[in-house]
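Novice: Residue numbers (the numbering used here): 12 to 369. By construction, the Cβ of each residue, glycine as well, lies at the ideal position given by its N, Cα and C atoms. From a predicted model like this one, the values you see are computed outputs, not experimental measurements.
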């Protein structure tokens, strides 16, 4: 699902996050995604506004994106990008059963009642969740479910400007939730909760049969964890960040490793609380149909910190895994160690590049 879309010839996924820009280029190989190249820059691109991952200087963001693309020797010029979850309005609406031709007008009418901005200031998209066969059955469901998403036209315009200045064609723009589902969940029909621990905030998506039925966020991310490590160890933020990076690669023999579990548990406590609230909120919805979250998938750079899966598993009594966005991608075997080390950070960009392949 995208707010605007045309069929691209090749596939460039661009994730502009608070901690940097990640780019992945994939090509279709017999309907499977094959890695062509990737690149990233660890730069602060976001303002303090959680609803935007763009800095005030769009030209600077464009220049960084253009440089990443050039360094990676990218061939694709058509790109798919993502909007942060906090920037996207999302709601599942129920409508009386009607014919397919009547749906667009009915969705637009319902959208006017619930979107946060005047409808003329938003770009809306929707997806029918009820099987189309139910629309024509005489004994079909009396109501149908539709996933409605929307974003401010002004924000979409900023992304168009960034990509135009970077000499790239933005062919589709979608919410991070769909990209994460594509790269981490695939065709899994179970109820899964994705936690994407970004630099500035953590996004939570409850996925039911491949559909993002609940999206929330909390302003705790990798930067917060770094600050907690710095405070506990009495080091500078830069040194704490290096400790975090070293631990993500190898905790054995690192003197900070023993202290990390307690530091992490305290740092991510607000995230645990938000997850509990989100799961209860999902259960309270009629659409849950008695189903419960079966597992948690972690993404984002901090997902590789030793002990973090155990912290969430113990606190929430659920199975917790670090997501592997490369699982559905063909790549050279000798790249596996490198891709494993960066995988969680690239979950969104891989999912974006996969959009027209899967």
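1) Given this structure, state the Cα-to-Cα distance separating residue 230 from residue 211, to the nearest angstrom.
2) Can you check the segment 316-355 for any alpha helix (DSSP H) of at least 4 residues that lies completely inside it and give the ranges in chain order?
3) Starting from the Cα of residue 38, find the closest Cα among 352, 86, 167 and 292 and give me that residue.
4) Out of 130, 208 and 156, which one is the CA nearest neighbour of residue 281?
5) Within the continuous beta strand (DSSP E) that includes residue 222, where are the two ends?
6) Would you identify the three-state DSSP class for residue 281, choosing helix, strand or coil?
7) So the candidates are 201, 124 and 73; which of them puts its Cα closest to the Cα of residue 180?
8) How far does the alpha helix (DSSP H) with residue 123 in it reach, from first residue to last?
9) Would the beta-carbon of residue 289 fall within 7 Å of that of residue 227?
10) Residue 36 lies in the beta strand (DSSP E); which residues open and close that run?
11) Would you mind sorting residue 232 into buried or exposed? The rule is 16 or more other CB atoms within 10 Å of its CB.
12) Tell me residue 154's beta-bridge partners as DSSP assigns them.
13) Which same chain residues, not among the five before or five after residue 128, have their C-beta less than 7 Å away from its C-beta?
14) Within 10 Å of its beta-carbon, does residue 142 have 16 or more other beta-carbons around it, so buried, or fewer, so exposed?
15) With DSSP as the reference, label residue 212 as helix, strand or coil.
16) Do residue 117 and residue 442 come within 7 Å of each other at the CB atom, strictly closer than that value?
17) Assuming residue 272 and residue 310 form a contact by the criterion Cβ under 8 Å, report the distance between their Cβ atoms to the nearest whole angstrom.
18) Is residue 202 helix, strand or coil when you go by DSSP?
19) In whole angstroms, give me the CA-to-CA distance for residue 204 and residue 307.
20) My output table needs one value for residue 89: the three-state DSSP class, helix, strand or coil.
21) Output the distance between the C-alpha atoms of residue 155 and residue 100, rounded to the nearest integer angstrom.
22) In the DSSP assignment, find the beta strand (DSSP E) that holds residue 308 and state where it starts and stops.
23) Between the Cα of residue 192 and the Cα atoms of 168, 222 and 170, which residue gives the shortest distance?
24) Assign residue 144 to buried or exposed, taking buried as 16 or more other Cβ atoms, counted over all protein chains shown, within 10 Å of its Cβ.
25) Please list, in chain order, all residues of the same chain as residue 70 whose beta carbon is under 7 Å from its beta carbon, the five residues on each side excluded.
Specialist: Let me spell this out:
1) 6 Å
2) 319-327 and 347-353
3) 86
4) 208
5) 222-229
6) helix
7) 73
8) 114-125
9) yes
10) 31-40
11) buried
12) 107
13) 163
14) exposed
15) coil
16) Past the edges of the chain, shown from 12 to 369, lies residue 442, and the structure says nothing about it.
17) In fact, because the Cβ distance is near 21 Å, the residues do not count as touching under 8 Å.
18) strand
19) 5 Å
20) strand
21) 20 Å
22) 306-310
23) 222
24) exposed
25) 176
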